[in-house]
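Numbering (this note's numbering), first residue to last: 422 to 760.
As structure tokens, the structure follows; a few thoughts come after it.
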């Protein structure tokens with residue numbers, strides 16, 4: 422990833438002579454037709470770099486294994502880290518290849534959209550085929566990343582606002598899912614979080630209730646925030662020429678994930694053998710409190726949907742005002758003196 426990034430940055434600098442994002446946007450809009458191919462190649466190479474970070478198809482294979490094998494706390498934190506690559510796509514490609522980029526305008530949007538749809542479908546199958554809850558949580562994170570990629574690929578202000586709303590939801594609920602998987606693994610001893618017959622889970626009613634809330638939220642069922650985020654994305658998809666494919670991918674993916682989570686819950690909480698005796702670690706109340714707090718963010722997002730949507734609308738509008746950003750940067754005294 423680092424090597425590809427250096428190649429992309431070096432290529433851009435060699436063609437336009439700057440690495441300042443605002444200045445790059447101006448130079449790209451003024452690029453000669455002879456340089457457009459090289460700039461496009463460098464831009465797509467940058468997209469590969471950010472795609473590795475955000476786990477976009479076909480660069481996602483590292484995520485399920487890495488997230489499933491690490492500790493719950495680290496995996497919960499990593500649920501945020503994949504969003505860094507997504508923000509980089511929004512900021513860098515959104516600015517460099519905006520409507521002002523001439524022939525290179527929207528260079529990334531169709532690529533991101535279709536790779537997002539493919540990533541979503543593959544992540545959905547991964548959720549269904551998972552053999553343990555941690556592995557399933559990792560594929561659920563991948564599915565949320567894919568949904569965000571679709572929103573970025575639609576490339577409208579409304580879609581970006583919906584993407585930001587869903588980003589808040591998916592980050593918090595994804596973290597809760599990993600922490601909950603760890604609690605369940607501790608409660609089942611040697612059977613861990615695997616989907617097979619095992620001992621009854623301690624505090625099954627409490628942990629089962631948390632699992633139901635997490636499952637409803639993360640697959641996007643009403644009345645929690647995942648449903649609202651997907652509705653906002655589907656509304657914004659009407660402006661896309663690929664709206665039929667977007668609807669098919671998101672709706673079919675959600676249906677398959679609902680079935681997968683229902684099967685997982687049945688295996689973990691109902692497929693039990695009371696005769697099995699295993700040594701289990703005591704579940705810390707603090708862990709349950711953290712899961713509860715993270716899950717409560719979902720109904721809070723629904724209750725506060727008006728103010729939060731207003732905030733994401735303003736943020737989306739600001740991110741979409743590329744000329745304002747360019748003017749603000751290039752008119753700074755320090756930059757003007759250097760040039």
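Idealized CB from N, CA, C, for every residue including glycine.
Keep in mind it's a predicted model, so treat the numbers as computed, not measured.
With distances taken between CB atoms, is the gap from residue i to residue j smaller than 7 Å?
i           : j           : result
residue 466 : residue 489 : no
residue 680 : residue 548 : no
residue 600 : residue 712 : yes
residue 604 : residue 704 : yes
residue 529 : residue 722 : no
residue 641 : residue 675 : yes
residue 715 : residue 558 : no
residue 719 : residue 645 : yes
residue 686 : residue 632 : yes
residue 592 : residue 500 : yes
residue 666 : residue 538 : yes
Once you ignore the five residues that flank residue i on each side, which residues in its own chain have a CB closer than 6 Å to its CB?
i           : result
residue 619 : 609 and 612
residue 555 : 489, 602 and 614
residue 694 : 618
When the Cα atoms are used, what is the spatial distance from residue i to residue j?
i           : j           : result
residue 662 : residue 708 : 45 Å
residue 571 : residue 485 : 20 Å
residue 523 : residue 446 : 11 Å
residue 583 : residue 668 : 15 Å
residue 470 : residue 673 : 29 Å
residue 452 : residue 443 : 14 Å
residue 545 : residue 520 : 33 Å
residue 543 : residue 752 : 46 Å
residue 516 : residue 743 : 6 Å
residue 670 : residue 651 : 12 Å
residue 606 : residue 622 : 9 Å
residue 423 : residue 511 : 19 Å
residue 458 : residue 626 : 60 Å
residue 595 : residue 455 : 45 Å
residue 726 : residue 586 : 9 Å
residue 656 : residue 728 : 19 Å
residue 696 : residue 706 : 26 Å
residue 658 : residue 698 : 52 Å
residue 526 : residue 518 : 5 Å
residue 497 : residue 682 : 19 Å
residue 745 : residue 617 : 56 Å
residue 363 : residue 438 : Residue 363 cannot be examined here, being either before or after the span of the chain that is shown, 422 to 760.
residue 730 : residue 477 : 26 Å
residue 427 : residue 509 : 15 Å
residue 448 : residue 654 : 33 Å
Among residues of its own chain, excluding the 5 on either side of residue i, which ones have a beta-carbon nearer than 8 Å to its beta-carbon?
i           : result
residue 660 : 575, 577, 579 and 580
residue 440 : 430, 433 and 434
residue 750 : 441, 442, 443, 444 and 756
residue 588 : 504, 507 and 569
residue 436 : 452, 456, 459, 460 and 463
7 Å is my cut-off, CB to CB: does residue i come that close to chain B?
i           : result
residue 674 : Of the protein chains in the structure, only one exists, and it is not chain B.
In this structure, what does DSSP give as the bridge partners for residue i?
i           : result
residue 705 : Per DSSP, none; premise fails for residue 705.
residue 693 : 619
residue 553 : 615
Under 7 Å Cβ to Cβ from residue i, same chain only, skipping five residues before and after it: list those, please.
i           : result
residue 481 : 540 and 563
residue 560 : 485, 544, 547, 548 and 551
residue 615 : 552 and 553
residue 738 : 578
residue 690 : 622, 625 and 629
residue 450 : 521, 522 and 523
residue 391 : The requested residue 391 does not occur in the structure, where the chain is confined to residues 422 to 760.
Could you tell me if the beta carbon of residue i falls within a distance shorter than 6 Å of some heavy atom in the ligand NAP?
i           : result
residue 578 : The ligand NAP is absent from the structure shown, which contains no ligand whatsoever.
- Task: Take every Cβ of the region 555-574, pair it with every Cβ of the region 502-510, and state whether three or more of those distances are shorter than 8 Å.
- Result: Flag = yes, the region 555-574 and the region 502-510 touch.
- Looking at C-beta atoms only, is the number of pairs between the region 531-546 and the region 456-464 that lie closer than 8 Å three or more? The region 531-546 vs the region 456-464: no contact.
- Decide yes or no for the touch test of the region 727-746 against the region 630-642: beta carbon pairs closer than 8 Å, at least 3 of them. The region 727-746 is not in contact with the region 630-642.
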